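Participant:
Protein chains: 2
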Amino acid sequence: MSSVAELGERRIIDLIIENLDKHPRMAVPFGDDVAAVSISDKLVAVLKMDMLVAKTDVPRGMSLQQAARKAVIMNVSDLASKGVKPIAMLTALGLTRDLTKEDMVSIGRGLNAGAREYDTYIIGGDTGEASDLIITCMVFGLSKPDTMMTRSGARPGDILAVTGLFGKTSAGLKLLEEEVKVPERLREALLEAVYMPRARLSEGLALAGSGVVSASIDSSDGLAVSLHELRKMSKVGFRITDAPIASEAEEFAKHRRLDAYDLALYGGEEYELIVTVRRGCWRRAQQAVGRAGGSLIRIGEVIAEEKVVLQRDGREEVIPYKGWEHFKTT
Amino acid sequence: MSSVAELGERRIIDLIIENLDKHPRMAVPFGDDVAAVSISDKLVAVLKMDMLVAKTDVPRGMSLQQAARKAVIMNVSDLASKGVKPIAMLTALGLTRDLTKEDMVSIGRGLNAGAREYDTYIIGGDTGEASDLIITCMVFGLSKPDTMMTRSGARPGDILAVTGLFGKTSAGLKLLEEEVKVPERLREALLEAVYMPRARLSEGLALAGSGVVSASIDSSDGLAVSLHELRKMSKVGFRITDAPIASEAEEFAKHRRLDAYDLALYGGEEYELIVTVRRGCWRRAQQAVGRAGGSLIRIGEVIAEEKVVLQRDGREEVIPYKGWEHFKTT
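Protein chains in written order, with the working numbering: chain C, 1 to 330; chain D, 1001 to 1330.
1) Using the Cα positions of valine 1046/D and proline 1145/D, report the straight-line distance between them to the nearest angstrom.
2) Can you pull the chain D neighbours of histidine 228/C, defined as C-beta to C-beta under 9 Å?
3) Restricting to runs no shorter than 4 residues, where is the alpha helix (DSSP H) found entirely within the stretch 110-180 of chain C?
4) Taking Cβ positions only, does isoleucine 217/C come closer than 9 Å to chain D?
5) For a contact meaning CB atoms closer than 9 Å, what does methionine 1233/D contact in chain C?
6) Which residues bound the alpha helix (DSSP H) around valine 194/C?
7) Of all the options Ala161/C, Arg116/C, Val139/C, which has the alpha carbon lying nearest to the alpha carbon of glycine 300/C?
8) Taking the C-alpha atoms as reference points, what is the distance between glutamine 65/C and arginine 1097/D?
9) By how many angstroms is the C-alpha of phenylalanine 252/C removed from the C-alpha of leucine 310/C?
10) Start and end of the beta strand (DSSP E) containing leucine 273/C?
11) For glycine 114/C and threonine 1136/D, what's the separation of their Cα atoms in angstroms?
12) Work out the CA separation of glutamate 248/C and isoleucine 87/C for me, nearest whole Å.
13) What separation, rounded to the nearest whole angstrom, lies between the Cα atoms of glutamate 269/C and alanine 1027/D?
14) What is the residue span of the beta strand (DSSP E) that threonine 1096/D lies within?
15) When we look at the beta-carbon of methionine 1196/D and count the other beta-carbons within 10 Å, is it buried (16 or more) or exposed?
16) Please identify the residue among Glu1203/D, Val1236/D, Leu1205/D, Gly1290/D whose C-alpha is closest to the C-alpha of arginine 1151/D.
17) Who are alanine 1036/D's beta bridge partners in DSSP?
18) What are the residues of the stretch 39-62 of chain C that lie near chain D, defined by any Cβ-Cβ distance shorter than 9 Å?
19) To the nearest whole angstrom, what separates the beta carbons of proline 1156/D and alanine 1224/D, a pair I think is in contact under 8 Å?
20) Keeping to the same chain, check which residues put their C-beta closer than 8 Å to that of leucine 1173/D; ignore five residues upstream and five downstream.
21) With 8 Å as the C-beta to C-beta threshold (strictly closer), list the residues of the stretch 1082-1102 of chain D near chain C in chain order.
22) Give me, in chain order, the residues of the same chain whose beta-carbon lies closer than 6 Å to that of alanine 1206/D; leave out the 5 immediate sequence neighbours on both sides.
23) Would you report the Cα separation of arginine 1256/D and aspartate 1242/D, rounded to the nearest angstrom?
24) Going by Cα to Cα distance, which pick from Val318/C, Ser210/C, Lys168/C is closest to methionine 278/C?
25) For valine 318/C, count neighbouring C-beta atoms within 10 Å of its own C-beta (all shown protein chains included) and say buried if the count is 16 or more, exposed if not.
26) Within the stretch 223-250 of chain C, note down every full alpha helix (DSSP H) run reaching 4 residues or more, in order along the chain.
27) Which partner residues does proline 1086/D have in the DSSP bridge list?
28) Buried or exposed: proline 183/C, going by 16 or more other Cβ atoms within 10 Å of its Cβ?
29) To the nearest whole angstrom, what separates the beta carbons of leucine 79/C and valine 34/C, a pair I think is in contact under 8 Å?
30) Could you tell me whether the Cβ of glycine 108/C comes closer than 9 Å to any Cβ of chain D?
31) Are there 16 or more other CB atoms within 10 angstroms of the CB of glutamate 9/C, so buried, or fewer, so exposed?
32) For arginine 116/C, which residues in chain D fall below 7 Å Cβ to Cβ?
33) Got a sec, what are the start and stop residues for the alpha helix (DSSP H) alanine 215/C sits in?
34) Report buried or exposed for arginine 69/C, applying the criterion of at least 16 other Cβ atoms within 10 angstroms of its Cβ.
35) Which partner residues does valine 309/C have in the DSSP bridge list?
36) Should glycine 1094/D go down as buried or exposed, given a rule of 16 or more other Cβ atoms within 10 Å for buried?
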């Protein structure tokens, strides 16, 4: 009998899904960033529930308020990747007995802060006693059936783009693990990325509104894993021609003699959007995101062969399906 | 600094709520069985998220499949108490590392079984590693603004009623704790109540459809606590003239020399609906529930004085706000 620790998160999810009857009005398949169900000819209810477990998802030095805020961001980011505005949120708190009254206030404040940053509200929830601090949030939104971006529509020749650069968070997490000496300014930038992640909601809404995005995913499982997930759902491949590496990640990599590409590709807990834009529509997509106050960065293209490759120093290397996965220990 | 263990669940929830900005389109106040938000003039989105923590909510001998099913029932029951049909559900699973592949299948089957019993489906979710098994579910439904039953509308003179008799579950839990000898037939009935609770969805939909219910709550916190919650939200009181005690609870009470009233009043994990029916509308309410295949049992009346009293053996006693509360140890 395989245990959860050997199965890995993806196999566990498959085992659950295999035993579920399928809703006749499911508007996106299992495995997308959100769940959705048609409630009329013109309206889809979009639902997402994501769980923050303190022992695995809260890095050292993160305050309770930041942790609660992060639980909100994780959920908002998934709706952002579909181009759906969050309308309201709930939270379920698994609380350890040692938490104090002040801790409860911090959690309440963090939840509220995260929600209000994205113009939504916490409207209910549940609490219970648990052995870990667990903050589960769910977010609800509405979409028209044809404007929601999914993971399934990328076609060869489409442009591959992201809403920001990668690697600061994984560098920040390494910094916390190893306590290496780096310039204070760099340290602050990296820890800010870890403690105060941001969801790309304006960008996602602008991209959905532009009508030229063929597929979209949030990057919370890391750039490499997210591209592979997009590959599986769209049945295409990707060639990265310009890896989106944050300058801070490069600087940190130099200090620690690491490969900055590894930091950018195999991290996680970064909440950028990864999208594919229809051929010939690049300017429209870029302008839409620009008007929303963000930036859209072209990093490569969609290819027919179902693999992810990276052009680097004149060579092409295959990017493995690798990143952070819960449970898996081998 | 008070810890969570001293604060008790209600105070914890208040501490969170005090720090939340209020959604301008919240359709029911904090503290009702569900959260709800207006999405148009004619439509309210109804959301509920409830968490099952194995170490506190899963009694001895309950299978994983039954536990997963129960997590669904808990959520459906809250929608039932508002008269709202569940459309779709999500689940977030906190999983311990020792769970096996077979355990995952049991959890998937239990979730699906619970959802399908109430004509709904699990359409998505999340998993993570945790120190306890935690099954959080959320359920989504839609309602017209004026048909949803809330906790707030009871008026003096209304009839107090329930959809079933109480006490089997608390008797069953006692049986599991103490392993007393009782007739096999009784044992089976009590354990069935514990392991296979049922939500009163048909009854709730029928009651909302009847248009004669002034307030409604589900009884999962126990009859006494639920009546006090209804009292607080409606600013009325209740006189129980005919305590709804299940014959099995009476039989068990005799065996164990317990007070059957205590089993019925101060239990919990029973998913009956407690409603108030407008004066002169009793037959309409009762017939509506009867047509839906259930029964509505008159147990007393709404009074102006804000207390809960019980008529018993020709005397009247005050029923305290007492029942199962998470965390509270004193």
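All residues carry an ideal CB built from backbone N, CA and C; glycine is no exception. Please read all numbers here as calculations on a predicted model, not as lab measurements.
Facilitator: Working from what's here:
1) Translated into positions along the second sequence, residue 1046/D becomes position 46. Translated into positions along the second sequence, residue 1145/D becomes position 145. Their backbone Cα atoms lie some 10 Å apart in a straight line.
2) Taking the first sequence and counting its residues from 1, the one referred to as residue 228/C is at position 228. Ordered by position in chain D, no residue passes the 9 Å Cβ test against histidine 228/C, which lies about 19 Å from the chain.
3) 168-178
4) For the purposes of this step, residue 217/C is taken as residue 217 along the first sequence, with counting starting at 1. It does not: the Cβ of isoleucine 217/C has no partner Cβ on chain D nearer than 9 Å.
5) Looking up residue 1233/D in the second sequence gives position 233. Under the 9 Å cutoff, chain C gives no residues; its nearest Cβ is about 14 Å from methionine 1233/D.
6) Here the question's residue 194/C lines up with position 194 in the first sequence. Run containing valine 194/C: 184-195, per the alpha helix (DSSP H) assignment.
7) Here residue 300/C corresponds to residue number 300 of the first sequence, with the count starting at 1. Among Ala161/C, Arg116/C, Val139/C, the Cα nearest to that of glycine 300/C belongs to Ala161/C.
8) As a working mapping, residue 65/C is identified with position 65 in the first sequence. As a working mapping, residue 1097/D is identified with position 97 in the second sequence. So the alpha carbons of these two residues sit roughly 28 Å apart.
9) Along the first sequence, one-based indexing puts residue 310/C at 310. Along the first sequence, one-based indexing puts residue 252/C at 252. Computed Cα separation, rounded: 21 Å.
10) Numbered from its first residue, the first sequence carries residue 273/C at position 273. That run of the beta strand (DSSP E) goes 273-277.
11) If you number the first sequence from 1, residue 114/C lands on position 114. If you number the second sequence from 1, residue 1136/D lands on position 136. Distance between the alpha carbons of glycine 114/C and threonine 1136/D is about 21 Å.
12) As a position in the first sequence, residue 87/C is number 87, starting the count at 1. As a position in the first sequence, residue 248/C is number 248, starting the count at 1. Between isoleucine 87/C and glutamate 248/C, the C-alpha separation is close to 35 Å.
13) Position 269 of the first sequence, counted from the first residue, corresponds to residue 269/C. Position 27 of the second sequence, counted from the first residue, corresponds to residue 1027/D. C-alpha separation (whole angstroms): 34 Å.
14) Position 96 of the second sequence, counted from the start, is the residue given in the question as residue 1096/D. Looking at the DSSP string, threonine 1096/D is not in any beta strand (DSSP E), and its letter there is neither H nor E.
15) In the second sequence, counting from the first residue as 1, residue 1196/D sits at position 196. Looking at its Cβ environment, which holds fewer than 16 other Cβ atoms inside 10 Å, methionine 1196/D is exposed.
16) Along the second sequence, one-based indexing puts residue 1151/D at 151. Considering only alpha carbons, the answer is Val1236/D.
17) Mapped onto the second sequence, residue 1036/D falls at position 36. According to DSSP, which records beta bridges pairwise, alanine 1036/D is partnered with Val1046/D.
18) Ile39, Leu43, Ala45, Leu47, Lys48, Met49, Asp50, Met51, Leu52, Val53, Lys55, Thr56, Asp57
19) Here residue 1156/D refers to the residue found at position 156 of the second sequence. Here residue 1224/D refers to the residue found at position 224 of the second sequence. Wrong, their Cβ atoms sit about 20 Å apart, outside the cutoff.
20) What you label residue 1173/D is simply residue 173 of the second sequence in a count that begins at 1. Pro1059, Val1194, Gly1267, Glu1269.
21) Ile1087, Ala1088, Leu1090, Thr1091, Ala1092, Leu1093, Gly1094, Leu1095, Thr1096, Arg1097, Asp1098, Leu1099, Thr1100, Lys1101, Glu1102
22) By one-based count along the second sequence, residue 1206/D stands at place 206. Excluding residues within five positions, the ones whose Cβ falls inside 6 Å are Ala1288, Val1289, Ala1292.
23) Against the second sequence, residue 1256/D aligns to sequence position 256. Against the second sequence, residue 1242/D aligns to sequence position 242. So the two alpha carbons sit approximately 23 Å from each other.
24) Taking the first residue of the first sequence as 1, we reach residue 278/C at position 278. Per the sequence shown, residue 278/C should be read as arginine rather than methionine. Closest option to arginine 278/C, Cα to Cα, is Ser210/C.
25) Here residue 318/C corresponds to residue number 318 of the first sequence, with the count starting at 1. By the neighbour-count rule (16 or more Cβ atoms within 10 Å), valine 318/C is not buried but exposed.
26) 223-234
27) Mapped onto the second sequence, residue 1086/D falls at position 86. Looking at the DSSP assignment, proline 1086/D forms a beta bridge with Gly1141/D.
28) Locating residue 183/C in the first sequence gives position 183, where the first residue counts as 1. Flag for proline 183/C reads exposed.
29) Position 79 of the first sequence, counting from 1, holds the residue named residue 79/C. Position 34 of the first sequence, counting from 1, holds the residue named residue 34/C. Indeed they touch by this definition, with Cβ atoms about 6 Å apart.
30) As a working mapping, residue 108/C is identified with position 108 in the first sequence. Output row for glycine 108/C: interface = yes.
31) Here residue 9/C refers to the residue found at position 9 when the first sequence is read from its first residue. So glutamate 9/C counts as buried.
32) Along the first sequence, read from residue 1 onward, the residue named residue 116/C stands at position 116. Ordered by position in chain D, the residues that pass the 7 Å Cβ test against arginine 116/C are Asp1021.
33) The residue given as residue 215/C occupies position 215 in the first sequence. Careful: alanine 215/C lies outside any alpha helix (DSSP H), inside the beta strand (DSSP E) at 213-218.
34) Start at 1 with the first residue of the first sequence, and residue 69/C comes out as number 69. So arginine 69/C ends up on the buried side.
35) On the first sequence, position 309 is the one that residue 309/C refers to. The partner list for valine 309/C (beta bridge, DSSP) reads Arg239/C, Val318/C.
36) Along the second sequence, read from residue 1 onward, the residue named residue 1094/D stands at position 94. With 16 or more Cβ atoms within 10 Å of its Cβ, glycine 1094/D is classed as buried.
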